[in-house]
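Visitor: In our numbering, the protein residues as written are 44 to 265.
Pasting in a structure now, in structure tokens, and then I'll have a few things to ask.
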């Protein structure tokens, strides 16, 4: 994917391997990237070796105040946020839905849907300052066909899709595009999907799900 993000600011909430791949891809295309999360791997080292503009901070995504402060600080520092990538992930709860405990549901929702929602809310004032701002929520295409022990993850993934369509509708009047990218192959495929959805090439896309590793682009069905 050949996209130009020079002069643009991107924030990635969630620094797992998928989030790291997205951050590196955006920075390699010229963006100033801000990444937060508990697990950032070797992102700082890779950014230093390639002289990329990537700023990181370790924090739990479920800490509403810390997440909001990080996003706001990036927006204030750069003046606007052009790309907000929401990568809320939860530890897998591998058991039948009928055996899931209430606290496990609460944790899963807090680490996925609530994290994504809070990140968008925090970024909203700064997205409104940008030209052609884009929000991209990350999910997993494999969860459209969940195994017998993947019910919680599948429900959360469905929630991310529904949130994508809802936010796309609610933010259309503010000219903020909201789409989702689903991991269907390697993380490099996912990064390419995010680059496309965040770029001018996808200026006509909002409320869509792009499955990385799959050429299918479709409207999200809530």
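Glycine residues also receive a C-beta, built at the ideal position from the N, C-alpha and C atoms.
In terms of alpha-carbon separation, which member of 74, 190, 221, 64 lies closest to residue 135?
Guide: Taking the chain shown and counting its residues from 1, the one referred to as residue 135 is at position 92. The shortest Cα separation from residue 135 among 74, 190, 221, 64 belongs to 190.
Visitor: In chain order, what residues of the same chain lie with their CB nearer than 7 angstroms to the CB of residue 260, ignoring the 5 residues before and after it?
Guide: The residue you call residue 260 lines up with position 217 of the chain shown. Only weak support is given to the placement of residue 260: the predicted model assigns it a pLDDT of 45, under 50, and the value that follows is read from those uncertain coordinates. Only 251, 253 meet the Cβ criterion.
Visitor: State the start and end residues of the unbroken alpha helix (DSSP H) segment that holds residue 104.
Guide: Position 61 of the chain shown, counting from 1, holds the residue named residue 104. Residue 104 -> no alpha helix (DSSP H), and no H or E assigned at all.
Visitor: Considering only the alpha carbon of each residue, which of 225, 192, 247 lies closest to residue 138?
Guide: The residue labelled residue 138 in the question sits at position 95 within the chain shown. Residue 138 has its Cα closest to that of 192, out of 225, 192, 247.
Visitor: Determine whether the beta carbon atoms of residue 249 and residue 199 lie at a separation below 8 angstroms.
Guide: As a working note, residue 249 is residue 206 in the chain shown. As a working note, residue 199 is residue 156 in the chain shown. No; because the gap between Cβ atoms is not below 8 angstroms, this pair is not in contact.
Visitor: Out of 56, 141, 159, which one is the CA nearest neighbour of residue 205?
Guide: Within the chain shown, numbered from 1, the residue matching residue 205 stands at position 162. The shortest Cα separation from residue 205 among 56, 141, 159 belongs to 159.
Visitor: Tell me the rounded alpha-carbon separation between residue 230 and residue 145.
Guide: Position 187 of the chain shown, counted from the first residue, corresponds to residue 230. Position 102 of the chain shown, counted from the first residue, corresponds to residue 145. Roughly 32 angstroms between the two C-alpha positions.
Visitor: Quick one: what's got a C-beta closer than 7 angstroms to residue 48's C-beta in the same chain, skipping five residues either side?
Guide: On the chain shown, residue 48 is found 5 positions in, with the first residue counted as 1. Excluding positions up to five away in sequence, the list reads 69, 72, 73, 74.
Visitor: What separation, rounded to the nearest whole angstrom, lies between the Cα atoms of residue 219 and residue 212?
Guide: As a working note, residue 219 is residue 176 in the chain shown. As a working note, residue 212 is residue 169 in the chain shown. For residue 219 and residue 212, the distance between alpha carbons rounds to 10 angstroms.
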